[in-house]
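Asker: Counting from 75, one number per residue, gives the positions in the sequence shown under this note's numbering.
For reference, the structure I am asking about is given below.
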Amino acid sequence: VAGNLLLPQLCHLIPNGGLMFLPIYFFTLVAAYKFGLKTGLLTALLSPVLNSLLFGMPVVAMLPIILVKSTLLAVAASMVASRSRQVSLLLLALVVLSYQLVGGLAEWGLTGSLTAALQDFRLGFPGMLLQVIGGWLLLKSMASYSTK
């Protein structure tokens with residue numbers, strides 16, 4: 075959760091950094107993949123709410139969709155990790171694409187805006203790459219990998 079408080083603040087130093095780098099999701103991916111569903115969900119739910127309360131970002135109006143996407147990410151990451159018991163770029167790409175696709179559909183349903191639903195794909199592609207490559211590097215560097 076601490077990482078998900080710090081990383082967004084660093085990204086927001088760059089104009090549109092939050093939209094481009096999608097930092098609120100990074101440590102949710104790592105937590106769920108490395109430590110399982112409970113830790114992933116805790117990170118997924120606490121990080122956006124605490125960021126919003128402490129820093130005003132994300133704005134309250136965006137919390138529902140961010141919480142949906144964060145939850146989807148935690149579920150996808152923990153499922154893939156527990157089934158595969160390995161870390162690979164391909165598996166992390168599968169996790170990121172799955173939560174973004176399902177989350178985008180949820181966002182479209184909640185907002186009625188296809189443009190809003192596609193925003194992470196249009197602007198957030200660098201963030202998706204950061205999640206896949208950065209997540210892979212961090213998970214690989216963690217000693218004695220386990221999914222629980």
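Glycine included, each C-beta is placed from N, C-alpha and C at the ideal position.
The structure displayed is predicted, hence computed values, not measured ones.
(1) So the candidates are Asn90, Leu175 and Pro97; which of them puts its Cα closest to the Cα of Leu79?
(2) Where does Gln83 sit, in a helix, a strand or coil, going by DSSP?
(3) Going along the chain, which unbroken runs of the alpha helix (DSSP H) with 4 or more residues stay wholly within the stretch 130-175?
(4) Tell whether a beta-carbon distance below 8 Å holds between His86 and Met136.
(5) Do Val176 and Leu146 have their CB atoms nearer than 8 Å?
(6) Going by Cα to Cα distance, which pick from Leu84, Pro82 and Ser152 is closest to Lys112?
(7) How close, in whole Å, do the beta carbons of Gly129 and Gln83 come, if the pair is a contact with beta carbons under 8 Å?
(8) On the three-state DSSP scale, how would you describe Val123?
(9) Buried or exposed for Lys214, going by 16 or more other Cβ atoms inside 10 Å?
(10) Name the two residues that bound the continuous alpha helix (DSSP H) containing Ser215.
(11) Would Val154 pass as a contact of Leu165 if the rule is Cβ separation under 8 Å?
Answerer: Looking at the atomic coordinates:
(1) As a first step, residue 79 must be located in the sequence shown, where it is residue number 5. The candidate whose alpha carbon is nearest that of Leu79 is Pro97.
(2) Counting from one through the sequence shown, the residue named residue 83 turns up at place 9. Gln83: helix per DSSP, three-state reduction.
(3) 137-158
(4) On the sequence shown, position 12 is the one that residue 86 refers to. On the sequence shown, position 62 is the one that residue 136 refers to. Not in contact: His86 and Met136 (Cβ atoms no closer than 8 Å).
(5) Numbered from 1 along the sequence shown, position 102 holds the residue referred to as residue 176. Numbered from 1 along the sequence shown, position 72 holds the residue referred to as residue 146. Yes, Cβ-Cβ distance for Val176 and Leu146 is below 8 Å.
(6) Taking the sequence shown and counting its residues from 1, the one referred to as residue 112 is at position 38. Minimum Cα distance to Lys112 is reached at Ser152.
(7) On the sequence shown, residue 129 is found 55 positions in, with the first residue counted as 1. On the sequence shown, residue 83 is found 9 positions in, with the first residue counted as 1. In the sequence under discussion, the amino acid at residue 129 is Phe, which differs from the Gly named in the question. Correct: roughly 7 Å between the Cβ atoms.
(8) Position 49 of the sequence shown holds residue 123. It is helical.
(9) Indexing the sequence shown from 1 puts residue 214 at position 140. Lys214 is exposed by the Cβ-count criterion.
(10) Indexing the sequence shown from 1 puts residue 215 at position 141. Looking at the DSSP string, the run of the alpha helix (DSSP H) that includes Ser215 is Gly209 to Ser215.
(11) Stepping through the sequence shown from its first residue, residue 154 is reached at position 80. Stepping through the sequence shown from its first residue, residue 165 is reached at position 91. The answer is yes: Cβ separation under 8 Å.
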